[in-house]
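The structure under discussion appears below in the form of structure tokens.
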Amino acid sequence: MNKIGKWLIDAFGVCKREFHLASRDMGVMLFFLALPIAYPILYALIYNPEYVHDVPVVVVDDCRSATTREYIRRLDASQYVDVTGYAANMQEARQAMAQKDCYAIVHFPEDFEECIGRGETAHMPVYCDMSLLLRYKSVLMAQTDVTASMSADIQAEVLQLAAMQGLSAGSGIVPTVESTSVPMGNTSTGLASALLPGILVLILQQSLVLGICMLAAGSRERARRNGGTDPLAIPASITATMTGKALCYFIIYIVPTIYILKYVPMFFSFPQNGHSLDIIIFIVPFLLSTIFFGMVVQRFIHERESVFLLFVFSSILFLFFSGLSWPQYGMNTFCTLLGSCFPSTWGINGYIHIKTNGAELWQVAHPYGMLWLLTAAYFIIAYLIHRYATPHSHTHTHTPAS
Amino acid sequence: MKYLAKLILNSIRQGCLYVMSRPLFLVSIVAIPLVSAFLMLNLMSSGLANDVPVAIVDLDGSEMSRSIAANIDAMQTTRVVMTCNSFGEARAAVQEGKIMGFFLIPENFSSEAVAGRNPEMSYYTNYAYIVPASLMFKGFKTVSVLSNGSLVKATLTSAGLADGSVSAMLQPIVADMHMLGNPWMSYPIYMSNSFIPGILALMAMIVTVFSITDEIKRGTSPMWLESCGGSMMVALIGRLAPQTLLFTLTGWIIQLVIFGWLDFPLHCSIATMMAAMLLLVLACQAMGVIVCCIVPNMRLALSVCSLLSVLAFSISGFTLPVENMYGWVGIISYILPIRYYFLIYIDQALNGIDLYYSRYYFIALLLFVLLSLVPLGNLKRMCRRPVYIP
């Protein structure tokens, strides 16, 4: 009993000291507080336009008929593209494209209307710049919509004719089936509402790990100046130290987590389904696994500032591994396995399922379980590192710069 | 003049020693960009994320509905992984992430269709994941249009219309999409030339700032400046030139893999892209120097650079075009070197247009280097009286 009591007192002491150290360290506070507060807003402002609208398009109309003019009018009216002008020929249109005055060229061949009149299919080539997929998508959407509406009008005319000739089985009715598309979760189908929820979770992980690494490296620098031991560290067992620190980080992160996961989506009207309680329960192992992941990563950070060199770039990779940009089912086994080692992968997907798709906690049991598994795994690895590869024994050679 | 050359050579020698002094630098300059490139190219090695896992909710169970289900499975973009008995079951599967969307065929679909009562199919796509959602939408839409088409065609043909004119009637206008430069709509082609050089640019900026402010942190900057004859310029050339070489070589290896080995579109001479890479590295280093001059506090300068380079992935218009961002957000993209590299890549390698049209992007990259010379005096003052704030 006495032993447990001492352990608890030690852990509490470590937690208190860590709190003291973190709150007096501007660099760490920048990571722990400023970064989670500012980054989501910056990202949301970048992606807030959600759509690509009014992509400039140039038309080469060799037909110059009523039908092509109607087509161009409808194209211009579409929210996706903006017909900026006519080009006399393809040569001129290509030059406009090279100068980035337009990103797509719509070409009506000379016999366009004739084909329709003859009851044949009229072809029209559309040339689209492929530098950005979203721009291509907008051109495609506009073109598909206008083609469909023009086709429907032409069909109606022809069918009327057919009915008059008594061709359509007497009644004049041609059976059709309708279809509707229903977007789920992210009902606005916007870019921000799809990407941001994932980025929010990633910001939590990255800022937490950066802060933990900087604190640990600071302690290491003090130890180096002090002949091997950090004068500000509280002597305690490894588990007590780890638990105490984890508790400290966890407490610090309660407010940023609630702000990021609850209020930022509210500010910017991102999808807000799912119960807050489910998210709270889900996010606990995410924060814990991230904290212990940070304790493992810190092993490789010897100086406070080298965390920038060794960890900042990883945000991009974690984002890719989460499947937010490139879907998980399209990855090979190696990448799937590697991706499942990071808390962000499970955190991001679980959070999106709850917040965007309105899943309940039992429906995200798999990511939830994996997060607890990662918590245990990283706790053990961090323990082993502290036990057998104590950072202070690492001899770091100070190379005097020049 | 001879003295100056000697100073510069000496400074470069010291710069080489500095880079080799800690494994940290080689890891940051060579290993991180290369490993990231490997991981990202490996991640997207299948080219297009086809075969989106979807479900069918067939409440009709007729021959017509079964053939629609078979068509969905046969589409290139979608793959039916489960059959659900109700809407609720399919919705739960979406929430659990088992499927990305589903296609619902209502009860009595086929009988109502034949009776001419215009029944309605519906397809549900989970837009929480944009790329699969777009692919799935395309597949579902095609199937629904084709289903309607085949029904109309069957009716009209049986009513006596000629086969050819029925087809033309169903599709009076066809737009032939020509996807310039990337007709496969391959995702890696579009991502790898923005995100992979992006990581290299990020590292170039951060390593530059680190290796300059490191001297201030250690308080050795006066000695450093002294050994270079008191010239900030000579000191910087010596410190950064070896890193420029290493970064550029790393960048060229990545380009070699992308354009040479993976055969991604390269409609210009490889020399153009290699020159762009060299300029990108120089511009990023210059950007680092400028940040150092403005904020000579090591941690703050590194924070500013990290902020800029991480935001660069979003703000440089790799996904959302700059012209669609809010004006004051979009304007930031112009101070990011990676944006110009990306534009050069699009013009030259992807679209293969005349070098003339990219002239401003090359000039912009050079401007970074020139601009970095302006505030050097400020940095020199800081180096003379180093103050380290943890």
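Those sequence lines, one after another, are chains A and B. Using the numbering used here, you'd call the opening residue of the first sequence number -5 and step up by one each time. Using the numbering used here, you'd call the opening residue of the second sequence number 1357 and step up by one each time. Note that CB positions come from ideal geometry on N, CA and C, so glycine has one too.
In the DSSP assignment, find the beta strand (DSSP E) that holds Asp76/A and state where it starts and stops.
75 to 80
Write down every uninterrupted run of the beta strand (DSSP E) in the region 6 to 69 of chain A whose length is 3 residues or greater and which is fully enclosed by it, in chain order.
Every unbroken stretch of the beta strand (DSSP E) spanning 3 or more residues and falling wholly within the region 6 to 69 of chain A is given here in chain order: 49 to 55.
Within-7 Å CB hit, Asp1619/B to chain A
no
Which of the three DSSP states, helix, strand or coil, is assigned to Cys1372/B?
helix
By Cβ distance below 6 Å, which residues in the same chain neighbour Ser1728/B in space, the five residues on each side in sequence not counted?
Ala1642, Val1645, Ile1646
Could you confirm whether any beta carbon from chain A is found closer than 7 Å to the beta carbon of Ala1430/B?
no
State buried or exposed for Leu1664/B, treating a residue as buried only when at least 16 other CB atoms are found within 10 Å of its CB.
buried
What does Pro177/A touch in chain B if you count any residue whose Cβ is under 7 Å from its own?
Thr1481, Tyr1483
Residue nearest to Ile1759/B in terms of C-alpha spacing, selected from Ala359/A, His347/A, Leu303/A, Met364/A
The shown model of chain B, from 1357 to 1746, leaves out residue 1759/B, and the question about it has no answer.
Inter-stretch contact (C-beta, 8 Å, three-pair minimum) for the region 27 to 39 of chain A and the region 247 to 264 of chain A:
yes
Using a beta-carbon distance below 7 Å, is Arg214/A in contact with chain B?
It does not: the Cβ of Arg214/A has no partner Cβ on chain B nearer than 7 Å.
The region 1714 to 1732 of chain B contacting the region 1625 to 1640 of chain B, beta-carbon criterion three pairs below 8 Å
yes
Taking Tyr74/A as the reference, give the member of Val46/A, Ile193/A, Ala82/A, Val100/A with the closest Cα.
Val46/A
May I have a chain-ordered list of the beta strand (DSSP E) segments no shorter than 3 residues that lie completely inside the region 1534 to 1579 of chain B?
none
Here's a check: name, in chain order, each residue in its chain whose Cβ is nearer than 6 Å to the Cβ of Pro279/A, leaving out the five neighbours to either side.
Residues Leu365, Trp366, Thr369 of the same chain have their beta carbon placed closer than 6 Å to that of Pro279/A, with the five preceding and five following residues left out of the count.
Output needed in chain order: residues of the region 1588 to 1615 of chain B with a Cβ under 7 Å from some Cβ in chain A.
Legend: CB atoms of the region 1588 to 1615 of chain B lying less than 7 Å from CB atoms of chain A are not found in any residue.
I want to verify the contact list: residues of chain B whose CB lies under 7 Å from the CB of Pro321/A, in sequence order.
Ala1405, Tyr1485, Val1487, Pro1488
Suppose you measure from the CA of His386/A to the CA of Ile252/A; what does that come to, to the nearest Å?
Its pLDDT being 47, under 50, His386/A is placed unreliably in this model, and the value from its coordinates should be taken loosely. Distance between the alpha carbons of His386/A and Ile252/A: 36 Å.
May I have the straight-line CA-CA distance separating Gly184/A from Ala371/A, to the nearest angstrom?
37 Å
So, is the C-beta of Phe1566/B closer than 7 Å to a C-beta in chain A?
yes
Which chain A residues are close to Phe1443/B, counting only those with a beta carbon under 9 Å from its beta carbon?
Per Cβ cutoff of 9 Å: no residues; Phe1443/B is ~11 Å from chain A at best.
Under DSSP, the beta strand (DSSP E) around Glu108/A begins and ends at which residues?
Where Glu108/A is concerned, there is no enclosing beta strand (DSSP E), although the alpha helix (DSSP H) it sits in stretches over 106 to 111.
Helix, strand or coil, according to DSSP, for Tyr97/A in the structure here?
coil
Less than 7 Å between the C-beta atoms of Thr1433/B and Leu1491/B, yes or no?
yes
What does the alpha-carbon distance come out to for the pair Pro1462/B and Ser1550/B?
45 Å
Could you give the distance in angstroms between the alpha-carbon of Ser1401/B and the alpha-carbon of Pro1544/B?
7 Å
Since Ser1548/B contacts Phe1620/B with CB under 8 Å, what's their CB separation in whole angstroms?
7 Å
When you check each C-beta in the region 6 to 20 of chain A against every C-beta of chain B, which residues fall closer than 9 Å?
Asp19, Met20
For Ile1364/B and Cys1584/B, what's the separation of their Cα atoms in angstroms?
7 Å
Any idea what DSSP makes of His269/A, helix, strand or coil?
coil
Exposure of Val1685/B, with buried meaning 16 or more beta-carbon neighbours within 10 Å:
buried
Please tell me whether Glu1463/B has its Cβ less than 7 Å away from any Cβ of chain A.
no
Leaving out five residues before and five after Ser165/A in sequence, what residues of the same chain have Cβ atoms less than 7 Å from its Cβ?
Reliability of the predicted coordinates at Ser165/A is poor, the pLDDT of 48 falling under 50, and no value is obtained from them.
Buried or exposed for Glu104/A, going by 16 or more other Cβ atoms inside 10 Å?
exposed
Under 7 Å between beta-carbons, which chain B residues line up against Ile329/A? List them in chain order, please.
It is worth fixing the name first, because residue 329/A is Cys in this sequence and not Ile. Within chain B, the residues near Cys329/A are Asn1398, Leu1399.
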